[in-house]
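Written out below as structure tokens is the structure these notes cover.
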Amino acid sequence: MEIKMVYVIHSLVWPLLACLFWWWNELWYASPVRARCKSLNAKLPPGHLGIPIFGDYLSFMWYFHFIRRPDRYIRSKMQKYGNNNNNVGAYRTYLYGSPAIIASSPSLCKSIITATTGFKQGWPSSEVLGSHSVISIHGSRHQHIKGLLTSEFTQPDTLTRIAQQLQPCIVAALHSWFQMGQINTFHQVKRVAPEFMGRYMGGLELGPEIDALEKLFSTMNEGIRAQPWNFPGMPFRVERNLPRN
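The C-terminal residue of the sequence shown carries number 245 in full-length UniProt numbering, and the numbering is unbroken.
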């Protein structure tokens, strides 16, 4: 009799725990927002916030890192939830430690990018890039700095000067890639980028300073794309400590 009772308890408890585990993020994050949307006669985009802590990160990494087909990640959302006028190409999910909305419609992406108000930068976190980074700030201050940078780097004279300074780097990189035969474009461009920045922004030449810049750039890039877990040895924590090193 006791064995039957234990079996009944297990058969009830484990499915309930599994259900709670699957819907926890939806209950914790989406339910309050859904209540506010209801009062405004609005709807949340379709989707699912995934499991606690990880969210949809495992699926995201499968498409982006393992099979290297990021387009299929968006396509999987479109096939599962549709891509019609009811959701305007937007889907809710949970990535990098916070709820997120993925926009796949060109018109929606354009309205978000060109909007001057109503949207705040949520990723990368200001903890990673710093509160004074042009990516972290928003509103009128962001528009002001963006205008200054745009006006500076879109002038014909400026573009000519940049091209002249970077041409030797590009030619050397192309010769190196040709000799290597087969290359990973992403990794090779990521290695060349710090040299571009060092030459143009700091007037640096190849040497220890460029190597140090490349190492810092690589560490920062890993921290930006890492889960926001602030534990010793994790890329997020290592990147956060960079300004203090």
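C-beta: ideal position from N, C-alpha, C; glycine also. These figures come from a predicted structure and were not determined experimentally.
Mapping DSSP to helix, strand and coil, what is Ala103?
One-based indexing of the sequence shown puts residue 103 at position 103. Correct three-state label for Ala103: strand.
Cβ shell of Ala193 (< 6 Å), same chain only, five flanking positions each side left out:
Counting from 1 along the sequence shown, the entry for residue 193 is found at position 193. None.
Going by DSSP, name the residue or residues bridged to Thr93.
Stepping through the sequence shown from its first residue, residue 93 is reached at position 93. Answer is Ala100, bridged to Thr93.
Status (buried if at least 16 other CB within 10 Å, exposed otherwise) for Asn184:
For the purposes of this step, residue 184 is taken as residue 184 along the sequence shown, with counting starting at 1. Label assigned to Asn184: exposed.
Would the beta-carbon of Glu214 fall within 9 Å of that of Arg191?
Taking the sequence shown and counting its residues from 1, one reaches residue 214 at position 214. Taking the sequence shown and counting its residues from 1, one reaches residue 191 at position 191. It is a contact, given that the beta carbons lie within the stated cut-off.
Count the CB pairs spanning the segment 94–101 and the segment 42–59 that are closer than 8 Å, and state whether there are at least three.
yes
DSSP three-state assignment for Gly50, whether helix, strand or coil:
Numbered from its first residue, the sequence shown carries residue 50 at position 50. It is coil, neither helix nor strand.
CA-CA distance, Ile135 and Leu16?
Residue 135 sits at position 135 when you count from the first residue of the sequence shown. Residue 16 sits at position 16 when you count from the first residue of the sequence shown. Going by the C-alpha atoms only, they are around 42 Å apart.
Please state the DSSP three-state secondary structure of Gly55.
The sequence position of residue 55 within the sequence shown is 55, counting from 1. Strand.
Separation of Ile170 from Thr160, as counted between CA atoms:
To locate residue 160, count along the sequence shown from 1; it is residue 160. To locate residue 170, count along the sequence shown from 1; it is residue 170. Between Thr160 and Ile170, the C-alpha separation is close to 15 Å.
The alpha helix (DSSP H) spanning Leu174 covers which residue range?
Walking along the sequence shown from the start, residue 174 turns up at place 174. Note, Leu174: alpha helix (DSSP H), 156–180.
Taking DSSP as the reference, what is the three-state secondary structure of Pro232?
Counting from 1 along the sequence shown, the entry for residue 232 is found at position 232. In the structure shown, Pro232 sits in coil (DSSP, three-state: anything other than H, G, I, E or B).
Between the beta-carbon of Ser105 and the beta-carbon of Gly89, is there less than 9 Å?
For the purposes of this step, residue 105 is identified with residue 105 of the sequence shown, where counting begins at 1. For the purposes of this step, residue 89 is identified with residue 89 of the sequence shown, where counting begins at 1. Closer than 9 Å, so yes.
Residue nearest to Ala173 in terms of C-alpha spacing, selected from Thr150, Glu195, Ile145, Ala163
The count along the sequence shown starts at 1 and reaches residue 173 at position 173. That would be Glu195, whose Cα lies nearest to the Cα of Ala173.
Suppose the cutoff is 8 Å on Cβ atoms and the five residues either side in sequence are ignored; what does the same chain contact list for Asn245 look like?
What you label residue 245 is simply residue 245 of the sequence shown in a count that begins at 1. For Asn245, the predicted model reports a pLDDT of 47, less than 50, meaning its position is unreliable; a value from the coordinates is still stated below. Cβ neighbours of Asn245 beyond the five flanking positions: none.
If you count every other CB in all the chains shown that lies within 10 Å of the CB of Gly147, and 16 or more means buried, which is it?
Residue numbering aside, residue 147 sits at position 147 when the sequence shown is read from its first letter. Counting C-beta atoms within 10 angstroms of its own C-beta, Gly147 has fewer than 16 neighbours from the protein chains shown and is therefore classed as exposed.
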